[in-house]
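So the protein sequences, as listed, match chains A and B.
The first sequence maps to residues 91 to 330 in our numbering.
The second sequence maps to residues 2 to 365 in our numbering.
All C-beta atoms, glycine included, are put in the ideal place defined by N, C-alpha and C.
Please read these numbers as outputs of a predicted model, since none were measured by experiment.
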Amino acid sequence: MATAPPYAVEVEDVSKRFGAQPALDGVTLKIRRGEVYGILGPNGAGKTTLIRSLVGLIVPDGGTVTVLGQRMPSLDILARVGYMTQQAALYPDLSAGENVRFFAEIYGAHDGVREALEFVDLWDRRDSVVSELSGGMRTRCSLACALVHKPDLLLLDEPTVGVDPLVRVQLWDRFQRMAHEGKSILVSSHVMDEAERSDRLGLIRFGRLLAEGTVGELKQKAGVERLEDAFLKLSEASPQ
Amino acid sequence: MSRRRVAAITRRLLQQFRRDRRTLALLFLAPLLILGLLGYLLRGGGGVPSMAIVNLDAGPLGGVVASELEQSATVSATRMSQADAQAKLRSGDLAGYVLLPADFSTQIQQARLVAPEVHLEGSQPGLSGSILQAVSQSFTALAGTAGVRFTPRVTYLYGGPSFDTLDYFGAAFIGLVVFFLVFVITAVSFLRERLQGTLERLMASPLRRPEIVLGYMLGFTVLALIQAAEVLLFSLIVLHVHNSGNVALIFVMEALMAIAAVNLGIFLSMFARSEFQAVQFIPLVIVPQVLLAGIIFPLSTEPGPLQVLSRVLPLTYAVEGMRNIMIKGADLGWSSLQLDFGVVLGFGVLVILAGATTLRRRIA
Numbered sequence: 091m092a093t094a095p096p097y098a099v100e101v102e103d104v105s106k107r108f109g110a111q112p113a114l115d116g117v118t119l120k121i122r123r124g125e126v127y128g129i130l131g132p133n134g135a136g137k138t139t140l141i142r143s144l145v146g147l148i149v150p151d152g153g154t155v156t157v158l159g160q161r162m163p164s165l166d167i168l169a170r171v172g173y174m175t176q177q178a179a180l181y182p183d184l185s186a187g188e189n190v191r192f193f194a195e196i197y198g199a200h201d202g203v204r205e206a207l208e209f210v211d212l213w214d215r216r217d218s219v220v221s222e223l224s225g226g227m228r229t230r231c232s233l234a235c236a237l238v239h240k241p242d243l244l245l246l247d248e249p250t251v252g253v254d255p256l257v258r259v260q261l262w263d264r265f266q267r268m269a270h271e272g273k274s275i276l277v278s279s280h281v282m283d284e285a286e287r288s289d290r291l292g293l294i295r296f297g298r299l300l301a302e303g304t305v306g307e308l309k310q311k312a313g314v315e316r317l318e319d320a321f322l323k324l325s326e327a328s329p330q
Numbered sequence: 002m003s004r005r006r007v008a009a010i011t012r013r014l015l016q017q018f019r020r021d022r023r024t025l026a027l028l029f030l031a032p033l034l035i036l037g038l039l040g041y042l043l044r045g046g047g048g049v050p051s052m053a054i055v056n057l058d059a060g061p062l063g064g065v066v067a068s069e070l071e072q073s074a075t076v077s078a079t080r081m082s083q084a085d086a087q088a089k090l091r092s093g094d095l096a097g098y099v100l101l102p103a104d105f106s107t108q109i110q111q112a113r114l115v116a117p118e119v120h121l122e123g124s125q126p127g128l129s130g131s132i133l134q135a136v137s138q139s140f141t142a143l144a145g146t147a148g149v150r151f152t153p154r155v156t157y158l159y160g161g162p163s164f165d166t167l168d169y170f171g172a173a174f175i176g177l178v179v180f181f182l183v184f185v186i187t188a189v190s191f192l193r194e195r196l197q198g199t200l201e202r203l204m205a206s207p208l209r210r211p212e213i214v215l216g217y218m219l220g221f222t223v224l225a226l227i228q229a230a231e232v233l234l235f236s237l238i239v240l241h242v243h244n245s246g247n248v249a250l251i252f253v254m255e256a257l258m259a260i261a262a263v264n265l266g267i268f269l270s271m272f273a274r275s276e277f278q279a280v281q282f283i284p285l286v287i288v289p290q291v292l293l294a295g296i297i298f299p300l301s302t303e304p305g306p307l308q309v310l311s312r313v314l315p316l317t318y319a320v321e322g323m324r325n326i327m328i329k330g331a332d333l334g335w336s337s338l339q340l341d342f343g344v345v346l347g348f349g350v351l352v353i354l355a356g357a358t359t360l361r362r363r364i365a
């Protein structure tokens, strides 16, 4: 077997328009194996469009997307990708356990339901119907659904929106734990302080990647102390 | 109670509807569509039941009755031989024929007795009634018939004198109830799948589109078949709806309708943005079909243009198929039943394909 490609995700000059509105404008980025890569940008910057193009829900107008060494779109590679949508997309009439089991079966995983639920601390609530769970629990359940098949790449679209600070910290602990186990994780966010916990960070605005690097590198590049200021400065420096 | 607060609620409601053009259109156009259709159906100068006159009378009175019938406005009557009339009755081209026997005139003159034979097709009580009415009216034209007893001998090809409206509607409704309930349930749950974001998740998984459609189809078909069996048993055992056909055949037709309904639901749910809009398919898709599928008004009595429209609607064939089986006792050897099954099956395949192709387009 050939050696695994060094990058989990390679996005080359990808563009996508919706009508006259450019959603992605020549984005190029690479996500290494075993890192947490944060996509930071305001609402409407193109974060969701980028993630959807990684799973083939959007076909870019230009450029190429390669996931785990496979050019997209490809149905087969999707079995090794976990995708958590922005809203906790679950079946409200099913229990937490039934939801996770459903996604396990869809992805062809035969076990791992218990492991996934324990990972998000929901094993005790496995028989609770999702509509009766709190917002934070739903988000965790949604995460369990995304990782039950032990994907090599996890795509998380604003997983911490509407989640209280405590759960947010717990979620990020888990992202880092998974990265240590060798999984590659893409997390999008519009919140600066949590994005600082990613190994590397891409700043995105108006569908363009403004800058990329570790938090330290970005601050240095902008010559400022805080990530927020770095974002603003790099944003201004970029031509509209 | 604050007038301003009440007014705020009222105003907000009207503002919302202003943005939902589709609901507004439905609110003001659907009633016109439905009532207009109904008006055209009932007053559009549609066809009247076709019947034949077989005049074997050796005397003069048979001819008088026959020409009276030919001028009747309630039926369209033509003279023909008994063999022709019998053949056309079987093929469904005639709703009935009246036979005036060789001794017709003699009987009236000597026994003061009018005894024509009335042969009815019988599967459509409304048409049978029109024919009996027209026949009895035509005899009032006979001059000097005071004191004559009118005793027609009526025979039925299908059904019988005890065959009532429920027997006629029952056959159609058994299939219809299943079709519409399954359609609404599928449309709403598929829409929910999209609104709650789980369809997006499914589309980002290794699932293939045909797998989604097939899985949905099987799941709802299980429910639909249980419902179909329940409806059928209730109709036959509790309501005693007339059935001269094979129960298994009825069930197969119901199952085909259910499968078509599931996939129609999947397909049409793509054109609704909310559950509210999905429910709007009922007046737009369902009511016109109920009016036009020959359930209430026989196709042959519809105005010509509407007959063409009816012939295009798959539900027409489903309803006809159910009646063919239950009322006429048709089996798969009948070419008319083969056509009915073929159209319903073909429609099912068509909506399966339509659902599968629009699935991807609407998600991306």
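Quick one: what does DSSP say residue 275 (chain B) is sitting in, helix, strand or coil? coil
Name, going along the chain, the residues of the segment 286-315 of chain A whose beta-carbon falls closer than 8 Å to a beta-carbon of chain B. none
Under 7 Å between beta-carbons, which chain C residues line up against residue 360 (chain B)? List them in chain order, please. The structure shown has no chain C; the protein chains it does contain are A and B.
Just mark residue 150 (chain A) as buried or exposed, buried being the case when its beta carbon has 16 or more other beta carbons within 10 Å. buried
Here's the rule I'm using: 16 or more other beta-carbon atoms within 10 Å means buried, otherwise exposed. How should residue 16 (chain B) be labelled? exposed
Specify the secondary structure class of residue 137 (chain A) as computed by DSSP and reduced to three states. helix
Using a Cβ-Cβ distance under 8 Å, would residue 364 (chain B) count as near chain A? Low per-residue confidence applies at residue 364 (chain B): pLDDT is 45, beneath 50, and the placement is therefore not dependable, though the value from the model is reported in the following sentence. Yes, its Cβ sits closer than 8 Å to a Cβ of chain A.
Return the residue from the list A:130, A:147, A:298 and A:140 that minimises the CA-CA distance to residue 209 (chain B). A:147
Can you look up residue 307 (chain A) in the DSSP assignment and give me helix, strand or coil? helix
Could you work out which residues of chain B lie near residue 182 (chain A), taking near to mean beta carbons separated by less than 8 Å? 197
Can you find a CB in chain B that lies within less than 8 Å of the CB of residue 145 (chain A)? yes
Expected contact under 8 Å - CB spacing of residue 243 (chain A) and residue 170 (chain A) to nearest Å: 7 Å
Taking the alpha-carbon positions, what's the residue 286 (chain B) to residue 143 (chain A) distance? 36 Å
Using the DSSP secondary-structure output, state which residues sit across from residue 277 (chain A) in a beta bridge. A:128 and A:246
Using only the alpha-carbon positions, how far apart do residue 399 (chain B) and residue 42 (chain B) sit? Missing from the structure shown is residue 399 (chain B); chain B here goes from 2 to 365 and no further.
Residues that residue 177 (chain A) contacts on chain B, provided the C-beta gap is smaller than 7 Å: 198
Where does residue 365 (chain B) sit, in a helix, a strand or coil, going by DSSP? Only weak support exists for where residue 365 (chain B) lies, its pLDDT of 41 falling under 50; the coordinates are left without a value.
Let me see if you follow: with CB-CB separation under 8 Å, is residue 330 (chain A) close to chain B or not? For residue 330 (chain A), the pLDDT reaches just 49, beneath the cut-off of 50, and the residue's location in the model is therefore unreliable, although a value from the coordinates is still provided. It does not; no Cβ of chain B falls within 8 Å.
Suppose you measure from the CA of residue 145 (chain A) to the CA of residue 179 (chain B); what does that come to, to the nearest Å? 38 Å
Span of the alpha helix (DSSP H) holding residue 192 (chain A)? 186-196
Residues near residue 296 (chain B) in its chain [Cβ-Cβ closer than 6 Å; skip 5 each side]: 173 and 320
Contact under 8 Å by Cβ, residue 289 (chain A) with residue 125 (chain A): yes
Less than 8 Å separating the beta-carbons of residue 223 (chain B) and residue 279 (chain B)? no
Provide the residue(s) that pair with residue 106 (chain A) in DSSP beta bridges, ordered along the chain. A:114
Give me the chain B residues within the contact set of residue 276 (chain A), using Cβ-Cβ distance strictly less than 9 Å, ordered along the chain. Near residue 276 (chain A) there are no residues of chain B at all, since even the closest Cβ is about 13 Å away, more than 9 Å.
Give me the Cα-Cα distance between residue 186 (chain B) and residue 315 (chain B), rounded to the nearest whole angstrom. 20 Å
Paired residues, beta bridge with residue 120 (chain B) - DSSP: B:98 and B:156
Show which residues of chain B have a CB atom less than 7 Å away from the CB atom of residue 165 (chain A). 207 and 209
So residue 325 (chain B) is in the beta strand (DSSP E); what residue range does that whole segment cover? Run containing residue 325 (chain B): none in the beta strand (DSSP E); it sits in the alpha helix (DSSP H), 315-327.
Consult DSSP for residue 238 (chain B) and reduce its assignment to one of helix, strand or coil. helix
Going along chain A, which residues have a C-beta under 8 Å from residue 215 (chain B)? Neighbours of residue 215 (chain B) on chain A: none; closest Cβ ~14 Å, over 8 Å.
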